[in-house]
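J.: I am attaching a structure below and will ask some questions about it afterwards.
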Amino acid sequence: MNFSKKNHEHKNKNVIDVSKKVILSVAVIAALGLTSCKNETKKETETTTTEMSKDMAMTDLSFGVRGNCGMCKNTIEKAANGVEGVASANWDVDKKKIDVSFDDTKTDAMAIHKAIAASGYDTEKVAGDEEAYDGLPGCCKYDHEMMMNQSGEEESDDHSNHDH
């Protein structure tokens, strides 16, 4: 009888020790969890502040870029988006016009013109790089005299440049 009573007391002591360890472990994990949540909240606040200051420095710009097709669109937009500070670039195939939004504390309009020209496409201010142009696919070989930055109206309706 004594043996089983001691064994039972020993088990109870082990259960209490294990319970204490479990409670302590849970308390440590909870403390770590709360601490890490506080850090995440601070990071979100900092990010939001940074994004707000970026919005205030954004500049929107539109200018003409010669090109023909969807492949041109991809190349032109990739070139513009490759400039540090450019947030978005969208080239309109029909109007031959690009709309760019950029952080004017990191870049300027001429850097974007030069990047697009380096990919082989003429812009309103910079002629496309001839070697890059020669490397473009056949469908992307645009007419160097084509109109750019058009309003989207039909050109055939405009007869002001010749007599009838």
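All you need for this note's numbering is the position in the sequence shown, starting with 1, plus 19.
Glycine residues also receive a C-beta, built at the ideal position from the N, C-alpha and C atoms.
These numbers were taken from a predicted model, which means no experiment stands behind them.
Please identify the residue among HIS132, GLU164, GLY83 whose C-alpha is closest to the C-alpha of VAL112.
T.: Ranking the options by Cα distance to VAL112, first place goes to GLY83.
J.: Quickly, what does DSSP pair MET165 with across the bridge? List them, please.
T.: Note: MET165 sits in no beta bridge, so no partner.
J.: State the Cα-Cα distance for the pair ASP162 and ALA76, rounded to the nearest angstrom.
T.: If you take the alpha carbons of ASP162 and ALA76, they lie about 36 Å apart.
J.: Which of helix, strand or coil does DSSP assign to ALA108?
T.: Reduced to three states, the DSSP call for ALA108 is strand.
J.: Nearest-angstrom Cα distance between GLU59 and ILE117?
T.: Reliability fails at GLU59, whose pLDDT of 47 lies under 50, so the model's placement of it is uncertain and the value that follows must be treated cautiously. One C-alpha to the other measures close to 38 Å.
J.: Would ASN87 be called buried (16 or more neighbouring beta carbons within 10 Å of its own) or exposed?
T.: Classification for ASN87: buried.
J.: For LEU155, which residues in the same chain have their Cβ closer than 7 Å to its Cβ, ignoring the five residues on either side in sequence?
T.: Within the same chain, LEU155 has close Cβ partners GLY139.
J.: Provide the residue span of the alpha helix (DSSP H) that contains THR94, from first to last.
T.: Here the alpha helix (DSSP H) through THR94 covers 89-100.
J.: Between the C-alpha atoms of VAL41 and ILE48, what's the straight-line distance to the nearest angstrom?
T.: Answer to the nearest angstrom: the Cα atoms are 10 Å apart.
J.: If you draw a straight line from the C-alpha of ASP127 to the C-alpha of LEU43, how long is it?
T.: Cα to Cα, the separation comes out at about 58 Å.
J.: Please tell me whether ALA106 and ALA134 are closer than 8 Å, where the distance is taken between their beta carbons.
T.: Not closer than 8 Å, so no.
J.: Would you check if the distance between the CB atom of ASN115 and the CB atom of MET165 is smaller than 8 Å?
T.: It should be pointed out that residue 115 corresponds to Lys in this sequence rather than to Asn. Going by C-beta atoms, LYS115 is nearer than 8 Å to MET165.
J.: So what does VAL84 bridge to, in DSSP terms?
T.: Paired residue(s): THR142.
J.: By a C-beta neighbour count over all protein chains shown, 10 Å radius and 16 as the cutoff for buried, is CYS158 buried or exposed?
T.: Looking at its Cβ environment, which holds fewer than 16 other Cβ atoms inside 10 Å, CYS158 is exposed.
J.: Does the beta-carbon of LYS39 have 16 or more other beta-carbons within 10 angstroms, so that it is buried, or is it exposed?
T.: Burial call: exposed.
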